[in-house]
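Since the structure comes first, as structure tokens, the remarks are kept for the end.
Number of protein chains: 2
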Amino acid sequence: MIIKVLGSAAGGGFPQANCNCRNCADVRQGRPGVQARTQSSLAVSQDGRDWVLLNASPDIRQQMSQTPELAPRPEDGLRSSPIKAVAVTNGDVDHVAGLLSLREGVPFALYASPTVLDALAANSIFNVLDPKIVPRVAMTTGVQIELAGGLLLEAFAVPGKVALYLEKAAPDLGTRDDDTIGLTISDPTSGARVHYIPGCAEVDAMLAERLRGAQLVLFDGTLYTDQEMIAQGLSSKTGKRMGHISMAGADGSIAAFDRLDVKRRIYVHINNSNPVLRDDSLERAHVERAGWEIAFDGMEIRL
Amino acid sequence: MIIKVLGSAAGGGFPQANCNCRNCADVRQGRPGVQARTQSSLAVSQDGRDWVLLNASPDIRQQMSQTPELAPRPEDGLRSSPIKAVAVTNGDVDHVAGLLSLREGVPFALYASPTVLDALAANSIFNVLDPKIVPRVAMTTGVQIELAGGLLLEAFAVPGKVALYLEKAAPDLGTRDDDTIGLTISDPTSGARVHYIPGCAEVDAMLAERLRGAQLVLFDGTLYTDQEMIAQGLSSKTGKRMGHISMAGADGSIAAFDRLDVKRRIYVHINNSNPVLRDDSLERAHVERAGWEIAFDGMEIRL
Numbered sequence: 000m001i002i003k004v005l006g007s008a009a010g011g012g013f014p015q016a017n018c019n020c021r022n023c024a025d026v027r028q029g030r031p032g033v034q035a036r037t038q039s040s041l042a043v044s045q046d047g048r049d050w051v052l053l054n055a056s057p058d059i060r061q062q063m064s065q066t067p068e069l070a071p072r073p074e075d076g077l078r079s080s081p082i083k084a085v086a087v088t089n090g091d092v093d094h095v096a097g098l099l100s101l102r103e104g105v106p107f108a109l110y111a112s113p114t115v116l117d118a119l120a121a122n123s124i125f126n127v128l129d130p131k132i133v134p135r136v137a138m139t140t141g142v143q144i145e146l147a148g149g150l151l152l153e154a155f156a157v158p159g160k161v162a163l164y165l166e167k168a169a170p171d172l173g174t175r176d177d178d179t180i181g182l183t184i185s186d187p188t189s190g191a192r193v194h195y196i197p198g199c200a201e202v203d204a205m206l207a208e209r210l211r212g213a214q215l216v217l218f219d220g221t222l223y224t225d226q227e228m229i230a231q232g233l234s235s236k237t238g239k240r241m242g243h244i245s246m247a248g249a250d251g252s253i254a255a256f257d258r259l260d261v262k263r264r265i266y267v268h269i270n271n272s273n274p275v276l277r278d279d280s281l282e283r284a285h286v287e288r289a290g291w292e293i294a295f296d297g298m299e300i301r302l
Numbered sequence: 000m001i002i003k004v005l006g007s008a009a010g011g012g013f014p015q016a017n018c019n020c021r022n023c024a025d026v027r028q029g030r031p032g033v034q035a036r037t038q039s040s041l042a043v044s045q046d047g048r049d050w051v052l053l054n055a056s057p058d059i060r061q062q063m064s065q066t067p068e069l070a071p072r073p074e075d076g077l078r079s080s081p082i083k084a085v086a087v088t089n090g091d092v093d094h095v096a097g098l099l100s101l102r103e104g105v106p107f108a109l110y111a112s113p114t115v116l117d118a119l120a121a122n123s124i125f126n127v128l129d130p131k132i133v134p135r136v137a138m139t140t141g142v143q144i145e146l147a148g149g150l151l152l153e154a155f156a157v158p159g160k161v162a163l164y165l166e167k168a169a170p171d172l173g174t175r176d177d178d179t180i181g182l183t184i185s186d187p188t189s190g191a192r193v194h195y196i197p198g199c200a201e202v203d204a205m206l207a208e209r210l211r212g213a214q215l216v217l218f219d220g221t222l223y224t225d226q227e228m229i230a231q232g233l234s235s236k237t238g239k240r241m242g243h244i245s246m247a248g249a250d251g252s253i254a255a256f257d258r259l260d261v262k263r264r265i266y267v268h269i270n271n272s273n274p275v276l277r278d279d280s281l282e283r284a285h286v287e288r289a290g291w292e293i294a295f296d297g298m299e300i301r302l
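Chains A and B, in that order, give the protein sequences. Mapping of the first sequence onto numbering that gives the first Met the number 0: position 265 corresponds to residue 264, and the numbering continues sequentially without gaps. Mapping of the second sequence onto numbering that gives the first Met the number 0: position 6 corresponds to residue 5, and the numbering continues sequentially without gaps.
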């Protein structure tokens with residue numbers, strides 16, 4: 000199985016267009032030790048020919064142009080794409096807006112939770128994806144789907160939060176419905192398997208059980224500490240309020256994974272405020288000492 | 000007045016992600032004489048400090064990162080943007096999807112026709128732009144609006160077509176309502192004035208009257224000939240069906256402008272099928288001999 004990180008940043012990307020925090024200012028000025036990142040998306044393939052996108056970020060066109068594997072093959076005619084499926088983990092703009100850029104009449108299957116499919120159905124702009132060409136398939140948690148190309152896809156519920164634009168007056172945090180899901184992709188021929196969880200409020204017992212002993216997990220690396228955006232003056236919201244567990248601390252993901260025996264752990268969906276984005280930061284050193292990797296755009300993993 | 004072409008391509012960009020036509024294949028391979036282009040958008044400023052975007056393309060984040068003038072200024076605090084207003088000319092994905100990438104809580108004013116505002120209101124995903132932070136202002140054709148920064152904005156109806164995802168069973172072509180508009184931006188202090196018309200089905204008498212003697216027009220350069228996409232096997236649609244006048248021919252824009260005495264004529268919104276995208280093509284030579292320029296990403300015009 001081949002896994003390519005198309006975009007390793009959280010919503011807004013790195014730098015975020017309107018942000019002048021130290022990280023964003025430094026990357027904008029081209030300072031060494033910080034690297035620009037586009038928004039959250041992976042591409043996965045069994046054989047390098049047929050690909051499934053996990054999340055469709057607003058940066059999808061730029062990401063595709065930087066990924067030769069996703070260009071149409073000359074032998075496939077004038078209009079084609081090696082992207083045979085797209086699966087999205089929630090309804091956030093940074094995970095669905097890129098669907099609008101896949102509107103040019105080439106078939107693929109779109110997999111999402113019923114919650115997200117309802118949100119797409121309620122927004123007529125997504126009708127640019129003709130359902131006759133792009134079937135929308137509801138993922139039922141715990142049910143495996145066979146993708147074009149031979150990989151298996153399975154969704155599982157994770158503690159999370161509904162997309163911001165779907166929030167009611169009182170946000171329902173840490174719910175356990177299908178507002179936020181993780182995805183397991185496996186290759187039935189090789190047995191390779193990856194768990195992808197770009198948004199997660201908490202590693203609870205059920206999630207821990209799923210991940211225990213796993214070969215590879217790509218996990219929510221939005222924030223280093225829960226108060227990080229408040230401390231930097233960027234937002235009034237904690238990580239918990241945004242539905243994101245932090246890396247550090249007693250209730251953080253580093254601690255939660257310490258007991259799970261996951262062979263390879265990679266942080267994705269990294270917010271521009273996160274100090275691990277600086278190659279020389281103490282926080283980066285701490286995360287790496289704990290056995291984690293920080294994803295970067297173009298990172299390729301073979302299982 | 001400063002005008003920057005952020006994106007000079009039509010919807011899909013150049014190359015278009017799923018397209019293997021000769022133009023797209025050549026630009027993807029880095030052949031000389033063809034240049035990559037992002038999707039349709041301009042930035043305009045009176046003084047280089049405050050900017051208005053004309054259309055918000057899906058490539059807006061990439062475009063902003065390539066345009067230092069649109070980065071937040073250090074003296075404006077942690078979160079800010081020199082983009083004070085966005086005006087859109089229709090509801091097409093290539094002109095509105097970028098609004099979703101301006102969702103990070105920095106104020107600007109959004110100007111659109113009532114038709115487009117209705118479409119945005121009917122799509123809850125655009126609620127990521129909080130109306131308290133991003134007021135939505137209806138442009139009435141023929142009424143001047145003063146923008147932050149001192150420029151004046153005026154919308155005018157042009158023969159066009161409703162956005163694809165809003166089309167009813169029978170597309171209403173060449174209508175004269177506010178489905179498709181052009182924009183005139185003027186500087187009351189210098190008298191500079193630009194007309195921007197990225198989509199236009201026909202140069203009729205009313206439009207000709209408005210443009211006669213103009214200093215600068217940026218105009219719909221989607222197709223060179225009406226049958227171009229059919230002839231190349233890319234689509235079953237004529238330019239007319241898509242609401243776009245062609246460059247060439249007796250009813251094309253080159254002929255229509257021949258009698259209008261416009262001082263500077265620049266094609267924007269250029270489709271990947273258009274042979275003028277090749278620096279060495281006969282069509283490019285023809286267009287340039289007729290006094291037209293072909294916009295490119297990063298092109299800057301000062302009036």
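Even glycine gets a Cβ: it sits at the ideal position worked out from N, Cα and C.
At a cut-off of 8 Å between beta carbons, residue 18 of chain A contacts chain B.
Residue 109 of chain A is positioned such that its CB atom lies no closer than 8 Å to that of residue 92 of chain A. Neighbours of residue 103 of chain B in chain A, taken as residues whose beta carbon is under 7 Å from its own, are 11, 15, 17 in chain order.
Residue-level contact check: residue 40 of chain A does not touch chain B, since none of the beta carbons of chain B fall below 8 Å from its beta carbon. Setting aside the 5 residues that flank it on each side, residue 290 of chain B is surrounded in the same chain by 264, each with a C-beta closer than 7 Å to its C-beta; the list follows chain order. For residue 256 of chain B, there is no enclosing beta strand (DSSP E); the enclosing alpha helix (DSSP H) has its first and last residue at 252-256. Residue state for residue 239 of chain A is assigned as helix, using DSSP reduced to three classes. At least one CB of chain B lies nearer than 8 Å to the CB of residue 58 of chain A. Buried is the label assigned to residue 80 of chain B, since at least 16 other Cβ atoms lie within 10 Å of its Cβ. Annotation for residue 229 of chain B: the continuous alpha helix (DSSP H) segment containing it runs 227-230. Under the three-state reduction of DSSP, residue 292 of chain A is assigned to strand. Interface criterion met: the Cβ of residue 79 of chain A is under 8 Å from a Cβ in chain B. In the DSSP secondary-structure assignment, residue 194 of chain B is bridged to B:183, B:216.
From the beta-carbon of residue 73 of chain B, the residues of chain A found nearer than 9 Å are 19, 24. In terms of beta-carbon proximity, residue 273 of chain A stays away from the interface with chain B, with every pair separated by 8 Å or more. By the 16-neighbour rule on beta-carbons within 10 angstroms, residue 138 of chain A is buried.
In this structure, the alpha-carbon of residue 147 of chain B lies about 43 Å from that of residue 247 of chain A. Within a 10 Å sphere around the beta-carbon of residue 189 of chain A sit fewer than 16 other beta-carbons, which makes this residue exposed. A straight line joining the alpha-carbon of residue 208 of chain A with that of residue 48 of chain B spans about 54 Å. For the region 231-256 of chain B, the set of positions with a beta-carbon nearer than 7 Å to some beta-carbon of chain A reads 232, 233 in chain order. Buried is the label assigned to residue 69 of chain A, since at least 16 other Cβ atoms lie within 10 Å of its Cβ.
Taken atom to atom, the span from the alpha-carbon of residue 26 of chain B to that of residue 61 of chain A is near 14 Å. For residue 206 of chain B, there is no enclosing beta strand (DSSP E); the residue is part of the alpha helix (DSSP H) that begins and ends at 204-210. For residue 153 of chain A, the pairing in a beta bridge is given by DSSP as A:143, A:183. Counting of Cβ neighbours within 10 angstroms places residue 96 of chain B among the buried residues, the total reaching 16 or more.
Nearest CB-CB separation between residue 263 of chain B and chain A: not below the 8 Å threshold. Under DSSP, the beta-bridge partners assigned to residue 2 of chain B are B:43, B:300.
Around the Cβ of residue 279 of chain A, a 10 Å sphere holds fewer than 16 other Cβ atoms; the residue is exposed.
Around the C-beta of residue 38 of chain A, 16 or more other C-beta atoms lie within 10 Å, and the residue is accordingly described as buried.
Below the 7 Å Cβ cutoff, chain B contributes no neighbours of residue 229 of chain A, its closest Cβ being approximately 12 Å away. In this structure, the beta-carbon distance from residue 181 of chain A to residue 195 of chain A falls below 8 Å. When DSSP reads this structure, residue 78 of chain A sits in a beta bridge with B:18. Per DSSP, reduced to three states, the secondary structure at residue 108 of chain B is strand. Sequence-ordered contacts of the region 116-137 of chain A with chain B read 121, 122, 123, 124, 126, 127 [C-beta pairs closer than 7 Å]. In this structure, the beta-carbon distance from residue 159 of chain A to residue 129 of chain A does not fall below 8 Å. At least 8 Å separates the beta-carbon of residue 1 of chain A from that of residue 193 of chain A.
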